[in-house]
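First comes the structure, then the notes that go with it.
Residue numbers (my numbering): 1 to 315.
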């Protein structure tokens, strides 16, 4: 059996070797490649593989259709909208993800970006390095603010815990009513959440119901003093609408870690020129701890699939 690792899993060669070793002893051959955007090269690399392992590199349907032996796609990521699932479904290919590996990493960065925006950290550092003072850069605190979380899954719940510990009030909205919601979080409608929150956090998946969900109309419902934090997927937000809302003062600011395309961003990305923003190149999931946890889940998924007990099932 051949397994191709289509991009780095973010762990050391020694860690990877240790994870591969028990499978290699059972006859699984692992071949690792550098990430590429060349679909022809992808198809060549994975063409005869039984198992494909990848993280967040786009894996088009045309590549999956070109793989004659492929039986299992092991995604080292939570979201799978970058994978050609229609093709996998057509060919009866099993797909699993690495749900849960980045709960802490994403939640912590969410809190960190809010602190950075609230305390004007980018401007304050520039001022300090230039020999200036804090004049005009007095910030504010999280304590007493209302945080609205759209998508109270595992990451959303951890984010709620952290903001609650800072003394914030927590609102959330979900597609379905949550009977097991934490006591410190209150479920409300999208309309109430947008109108009441000082901080709106996106932790929802990307699907047809959430694509373009945060648009000009939704932004107009937010407080002019509010900030938006997108740690979900880029297309959940209409970037041009958010950039316009920031320029016109419809909302106070935004922290964005995900975009319509994976960084590096095109110079035409509207948020690059928008004021009062903190932009990061999709780093929320990327910590040493989460990379180690992610790789462990990926190889646990492989073991479960080989044993006929697939876990973290997408397809």
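Built from N, CA and C at the ideal position, the CB exists for glycine as well.
Membership of residue 32 in the beta strand (DSSP E) is indicated by the continuous run 29–32. About 14 Å separates the CB atoms of residue 290 and residue 8; that is not less than 8 Å, and the two are not in contact. By the Cβ rule, the region 282–298 counts as touching the region 88–105, because three or more pairs are nearer than 8 Å. Sixteen is the threshold: since fewer than 16 other Cβ atoms of the shown chains lie within 10 Å of the Cβ of residue 128, the residue is exposed. Judged by DSSP secondary structure, residue 159 falls within the alpha helix (DSSP H) whose first and last residues are 154–165.
The beta carbon of residue 30 is closer than 6 Å to those of 3, 20 in its chain, skipping five residues each way along the sequence. The C-beta of residue 41 has fewer than 16 other C-beta atoms within 10 Å across all chains shown, which makes the residue exposed. Following the DSSP letters along the chain, one finds residue 225 in no alpha helix (DSSP H), marked with neither H nor E. By the criterion of a C-beta distance shorter than 7 Å, residue 270 is surrounded in its chain by 239, 240, 243, once the five residues flanking it on both sides are discounted.
In the structure shown, the three-state DSSP call for residue 314 is coil. For residue 146, there is no enclosing alpha helix (DSSP H); the enclosing beta strand (DSSP E) has its first and last residue at 146–150. Following the DSSP letters along the chain, one finds residue 292 inside the alpha helix (DSSP H) bounded by residues 288–306. Cβ contact annotation for residue 163 (same chain, cutoff 7 Å, sequence separation greater than five): 111, 142, 147, 170, in chain order. Under the DSSP assignment, residue 96 falls outside any alpha helix (DSSP H), being part of the beta strand (DSSP E) whose first and last residues are 94–96. Judged by DSSP secondary structure, residue 254 falls within the beta strand (DSSP E) whose first and last residues are 253–256. Ranked by how close their Cα comes to the Cα of residue 231, the residues 279, 96, 191 have 279 in first place.
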